[in-house]
Each structure stands twice: as structure tokens, then as C-alpha cells.
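Position 9, counted from 1, in the sequence shown is what the numbering used here calls 542; the numbers after and before it change by one each time, with no gaps.
Everything on this sheet refers to the single structure shown next.
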Amino acid sequence: MSGPDKIVSLRGDVAEPASNAGTDFLSDLPLFEPGWVWLAGAGPGDPGLLTLHALNALKQADVIVYDALVNGRVLNFANPAAEQIYAGKRGGKPSIKQRDISAKLIELARAGKRVLRLKGGDPFVFGRGGEEALSLVEAGIPFRVIPGVTAGIGGLSYAGIPVTHRDTNHAVTFVTGHMAGGAVPENLDWAAIAKGSPVIVLYMALSHLGEITQLMLANGRSQSEPVALVRNASLPDQEVLETTLATVMSDVELTSFKGPAIIVIGDVVRLRQSLDWLGALEGKVLKTDPLNLRGEQDAG
Ligand code: SAH
């Protein structure tokens, strides 16, 4: 179809009657062909954050290879006949090596299965999705990538924290706190990040948070800088710890705060007083003017 024709249909001139809209939303989505691997993100947990492409994949897959951070309720959408293979690296179950996961995907695709590789969040954000896709390319296996809502954006939204806000930051940095070997990444210029990035979102960082906090303070961040930790973001047992760089480590200890947690450092955390929409559903009273801008204007 040529470009202009497409625009006509996008405008809705040839749209289906509205009565179809509620039930038939998967029908225009791609057919999952045997022998393909679809690499999909499942979002941070809440099944409502699945994309339609991910849902379409769940409905058609013959086999689903899923990670530890994929919510079981998401798997409930799968075709009941589909085989489900756990490929997680936590939760007390035997851990499976990355190389073996890629080999498994290739083997299943070569056996003519429709293979859904389902990962928490977005497959290309600290999810090793790129590595798996590269091994599919090498093996000549056709694949599709389905992005997901990443914890560092969607998970923080569920805590009422926007990753950018015009009055606080025009940039944000996503960082992993954890290398394959378990250490704090040394090839990162932590000083540059501390000095240059107003908001820093940390994945897999809970076990190195003490070290990271010290690096922040040593490179000019203030003791009073707000920090939030969100555990099980978007799930019914979501927990949020709001603290500061000075107190984060003692608070983590005091509350025995456990992962998986997404961590954010920066002034955007202050917006939570006003934007914690989930808290508001449970009766929390939202404040106005969380950044005290009106106060400053009055003073000025
Ligand atoms: N691909 C994933 C990230 C995988 S790395 C994504 O895009 O979200 C795993 C890390 O992601 C965890 O250690 C934690 O920091 C973060 N994470 C993923 N899901 C989370 C959730 N529901 N709540 C809090 N943190 C989460």
C-alpha cells in the first residue's frame, strides 16, 4: 500500500465499525509463524501493562521461555496448550546459563515451534535481549522483537515518579548496578554521571547501593538529595521507600528492604508527594506544589 493510502486509513475513513473495536483487537496483529522466535517484553508486572503484540504472542506461541521477573498472571494469557519453560536466574530454582538459553531457543525454533521468549520489562533494557537476538541471527532463525514497558520508566510511574519533569531535569541516565560478575560496573564514569545527570535510574543496584551512594556523594551530589526505591513495582505488593542519599543505607537496613527494586536518585522523587496516584486510590492526600515553586516565586 502506498503512503497516502495508508494515511487515509489511519485517519479512520475506512475504519471498521466501532462495535468491532472491543473484541477484535488482535486480528490485525501478525501471525506467529512456526520456526520463529519472538522476543517480547512483559512489562514490570501488572498484566495491564502488556502490549497487544505481547498478548498476541502469548495467544499463539507453542512454547514460552520466560524469566524470573515475568509475573505469573501474565502467563495466564497463554494458550493453555503451550509449553512453559522457566529460564530465570533467581528464586531458588536451578539457574540456567545464558548460552544454554540461546541454544534452547534455537533448538525449539529448528523443531518448528512458535517460540516466545518472554522477559520482564523491555527485552533490550538490561535484559540481554540483544545477546539472544544476535545468537538467533547467527543461527539464521527469523525473529521479531516486541518492546515492553521498562521498570525504570513504567515501574517508577506506579510510584508516582515521572522520570523527566520540566522543572527538575532535562536528562535521565539508566544505569545497571551489577555486572555479569556481580561487581559495580567499573567501566562506567561514575563521576561524570554524578556530575552530569540530574536523574539517575538504577537497575539491579540494591546490593551495591552503599558503594554507589558513596560515589554520588564523593562527586558532588548533596546528602539531602532524594532517593526512592520501588520494590515489585506495579504488582499488588509494591513497596516504596523514599529517603535521601544520606539516609538510604540505614533505611534499607532498618526496613530490611529487598529486591527486585528499581532505584531513582534525583529531584523527580519529590513529585511523588503530588503524583502518587496509586496511593491516592487508597486515600492518600496528594499535596500541591511539591517542588515549592510557588513559595520561591512569592519569596522572589
Ligand atoms: N528488562 C528489564 C530489566 C531487567 S534487569 C526492564 O526493562 O525492566 C532486572 C532489574 O530490573 C531488577 O533488578 C530491578 O532493578 C528491575 N526491575 C524489573 N522489574 C521490576 C519491578 N517490577 N519492580 C522493581 N524493579 C524491577
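By construction, the Cβ of each residue, glycine as well, lies at the ideal position given by its N, Cα and C atoms.
Self-check item: Nearest-angstrom Cα separation, counted from R764 out to G653
Solution: The alpha-carbon atoms of G653 and R764 are separated by roughly 14 angstroms.
Quiz item: Given a threshold of 16 other Cβ atoms within 10 Å of its Cβ, counted over all protein chains shown, does H703 qualify as buried or as exposed?
Solution: H703 should be labelled exposed.
Exercise. Report whether the distance from the Cβ of N752 to the nearest heavy atom of ligand 1 is below 6 angstroms.
Key: It does not: the Cβ of N752 is nowhere closer than 6 angstroms to a heavy atom of ligand 1.
Quiz item: Ordered along the chain, which non-local residues of its own chain (more than five positions away) have a Cβ less than 8 angstroms from that of I745?
Solution: The residues are G710, V717, W723, L735, A738.
Quiz prompt | Secondary structure of G624, DSSP reduced to three states | solution = Residue placement at G624 cannot be trusted, given a pLDDT of 48 that sits under 50; the coordinates are not used to answer.
Quiz item: Just the Cα atoms here: how many angstroms apart are V531 and K646?
Solution: Outside the shown range of the chain (534 to 833) lies residue 531, about which nothing can therefore be said.
Quiz prompt | Meets three-Cβ-pair contact criterion under 8 angstroms: the stretch 573-585 and the stretch 749-769 | solution = Touching, per the Cβ criterion.
Quiz item: For the putative contact between L651 and I795, defined by C-beta atoms under 8 angstroms, what is the C-beta separation to the nearest angstrom?
Solution: Not confirmed; about 19 angstroms, so no contact.
Exercise. Would you mind stating whether A672 and I694 have Cβ atoms separated by less than 7 angstroms?
Key: Between A672 and I694, the gap from beta carbon to beta carbon reaches 7 angstroms or more.
Quiz item: So L591 and F610 are in contact, right, with Cβ under 8 angstroms, and what is the actual spacing, rounded?
Solution: Correct: roughly 5 angstroms between the Cβ atoms.
Quiz item: Do L778 and Q806 have their CB atoms nearer than 7 angstroms?
Solution: Result no, Cβ atoms of L778 and Q806 do not sit closer than 7 angstroms.
Quiz item: For K592, which three-state DSSP category applies?
Solution: Looking at K592 - three-state DSSP - the assignment turns out to be helix.
Practice problem: Label T821 either buried or exposed according to how many other C-beta atoms from any shown protein chain fall within 10 Å of its C-beta, with 16 as the threshold for buried. | Solution: Label assigned to T821: exposed.
Quiz item: Going by the beta-carbon positions, is the gap between I679 and H586 smaller than 7 angstroms?
Solution: With contacts defined as CB atoms closer than 7 angstroms, I679 and H586 qualify as a contacting pair.
Exercise. Taking 7 angstroms as the cut-off, decide whether the C-beta atoms of V598 and I618 are in contact.
Key: Cβ atoms of V598 and I618: closer than 7 angstroms.
Quiz item: Would the C-beta of P613 count as close to ligand 1, meaning under 6 angstroms from any of its heavy atoms?
Solution: Result no, Cβ not under 6 angstroms from ligand 1.
Quiz item: From what residue to what residue does the alpha helix (DSSP H) around G662 run?
Solution: In the DSSP annotation of this structure, the continuous segment of the alpha helix (DSSP H) that includes G662 starts and ends at 662-672.
Practice problem: Would you please state the rounded distance, in angstroms, between the beta carbons of V781 and V802? I believe it to be under 8 angstroms. | Solution: In fact, because the Cβ distance is near 11 angstroms, the residues do not count as touching under 8 angstroms.
Quiz item: In whole angstroms, what is the alpha-carbon distance linking G624 and D800?
Solution: The predicted model places G624 with a pLDDT of 48, which falls under 50 and marks its position as unreliable; any figure quoted below should be read in that light. Going from the Cα of G624 to the Cα of D800 covers about 33 angstroms.
Quiz item: Do L559 and N589 have their C-beta atoms closer together than 7 angstroms?
Solution: Contact flag set, yes.
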